[in-house]
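In my numbering, the protein residues as written are 2 to 374.
Note that CB positions come from ideal geometry on N, CA and C, so glycine has one too.
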Ligand code: SF4
Ligand code: SF4
Ligand code: SF4
Ligand code: SF4
């Protein structure tokens, strides 16, 4: 790999050739604040949080779109740079409820704490579903924002809801991550910037409900949103997960990697596994939104049921499997009367085992699969 050498904040840094200044900094453990940047998306240069000063270069370029060059000397945290970032962030926060960021309590209240500020009920960190998970909070803390001197402007639009997630326009910073994720990763393009100037919002064509667009409800836009604007409808105020469990989606044979976010015994959120998974962090509607629903659903069967005198009665696994084995044994004597039908909802391995069971144990070649439908 070809590399280059540059200096960031007085530190000698070696970066791969072709990296941006931001990537060179991140790969060397130097933090530069970002909001519109996401590692899975092309650089956009919209939020201006990552601006830096480069020796012998005019102005303050965005580090996410500036290629790192041999011998470059970059100032990524000087007073001038930080002041400029603060001013840009203040402009952004003029259109964002910011009690959550400028509260005199300094320490942020947790989801179950009582807010002591005398502000509107929708202007508190404790009432935002992204509290303690919000990238805007992290950037604001890093820049030490204490007040917003500009007149506050609210978009005052209703929250857009669909069965799976919702969009609060007042919490949107117009970073475009949802739009780019939908267009560039999912190739759907269900949403875009609509209107111009201070009327600009993210929306659908002609502001139609999401259900009337080509949206697939994959939830990628929700996963990519850095603020509380886009959030899952299930367990919105569950807060930060206590632990995460990596697993495989049970819904179909693709076998996407899931990360279950868990609090207590409850799956509160799901996102795609980006590490060593077949799906590179992407999911479909079932994987993204299904698990939080079915795992805890009251109608979910948790124990085997055996029909006795026309009524289903709960049984132990030993009893249920024993009964099935008994009944199957009868058909081993006449395998032509036995068939195995499997499902595309099972994994490849399960389907293999099912056909093997049919042929090797039951002695039949009557094997079929619902995928042919
Ligand atoms: S989006 Fe972030 S900064 Fe805004 S209210 Fe929610 S937690 Fe606070
Ligand atoms: S859910 Fe998926 S398809 Fe729908 S808008 Fe979001 S990213 Fe696009
Ligand atoms: S909804 Fe979220 S991801 Fe989309 S533009 Fe607004 S803040 Fe960015
Ligand atoms: S149901 Fe969706 S998320 Fe689950 S494995 Fe299939 S494609 Fe992936």
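- Kindly confirm or deny that the segment 181-197 and the segment 260-276 touch, where touching means at least three C-beta pairs closer than 8 Å. no
- Query: With a CB to CB cut of under 8 Å and the five nearest residues on each side skipped, what residues in its chain are close to residue 21?
  - Reply: 44, 64, 65, 66, 67, 68 and 69
- Query: Are the Cβ atoms of residue 454 and residue 217 separated by less than 8 Å?
  - Reply: This structure cannot speak to residue 454, because the chain is shown only from 2 to 374.
- Task: Using a threshold of 8 Å, state whether the C-beta atoms of residue 312 and residue 339 are closer than that.
- Result: Judged by beta-carbon spacing, residue 339 lies beyond the 8 Å limit of residue 312, meaning their Cβ atoms are not closer than that value.
- Indicate the three-state DSSP secondary structure (helix, strand or coil) for residue 263 in the structure shown. strand
- When a residue counts only if its C-beta is closer than 6 Å to some heavy atom of ligand 1, which residues count, in chain order? 97, 98, 101, 102, 126, 129, 131, 132, 135, 137, 138, 172, 228 and 229
- Task: Count the other C-beta atoms from every protein chain shown that fall within 10 angstroms of the C-beta of residue 229, then say buried if there are 16 or more, exposed otherwise.
- Result: buried
- Query: Roughly how many angstroms separate the alpha carbons of residue 291 and residue 173, rounded to a whole number?
  - Reply: 26 Å
- Query: Looking only at C-alpha atoms, which of 342, 153, 140 and 114 sits nearest to residue 239?
  - Reply: The residue with the shortest Cα to Cα distance from residue 239 is 114.
- Does the Cβ of residue 53 lie closer than 7 Å to at least one heavy atom of ligand 4? no
- Item | 6 Å Cβ shell around residue 7 - same chain, five flanking residues per side excluded | 14, 69 and 73
- Query: Is residue 225 near ligand 3, in the sense that its beta carbon is under 7 Å from a heavy atom of that ligand?
  - Reply: In this structure, ligand 3 has a non-hydrogen atom nearer than 7 Å to the beta-carbon of residue 225.
- Mind reading off the beta-carbon distance from residue 219 to residue 187? Whole number of angstroms is fine, and I expect it under 8 Å. 6 Å
- Compare the C-alpha of residue 250 against each of 337, 355, 196 and 273 and name the closest. 273
- Message: Is any non-hydrogen atom of ligand 5 found closer than 7 Å to the C-beta of residue 189, if you look at the structure I gave you?
- Response: Although ligand 5 was asked about, the structure shown includes only ligand 1, ligand 2, ligand 3 and ligand 4 as ligands.
- Message: When you measure from the CB of residue 280 to every non-hydrogen atom of ligand 4, does any distance come out below 7 Å?
- Response: yes
- Task: Flag residue 372 as yes when its Cβ comes closer than 7 Å to any non-hydrogen atom of ligand 2, and as no otherwise.
- Result: no
- Spell out the partners DSSP gives residue 233 in its beta bridges. 166
- Who does residue 194 pair with in a DSSP beta bridge? 203
- Query: Buried or exposed: where does residue 269 fall if 16 or more other Cβ atoms within 10 Å of its Cβ makes it buried?
  - Reply: With 16 or more neighbouring CB atoms inside 10 Å of its own CB, residue 269 falls in the buried class.
- Which residues bound the alpha helix (DSSP H) around residue 372? Where residue 372 is concerned, there is no enclosing alpha helix (DSSP H), given that its DSSP letter is neither H nor E.
- Task: Using 7 Å as the cut-off, classify the Cβ of residue 154 as near or not near the heavy atoms of ligand 4, replying yes or no.
- Result: no
- Considering only the beta carbon of each residue, do residue 53 and residue 25 sit closer than 8 Å? no
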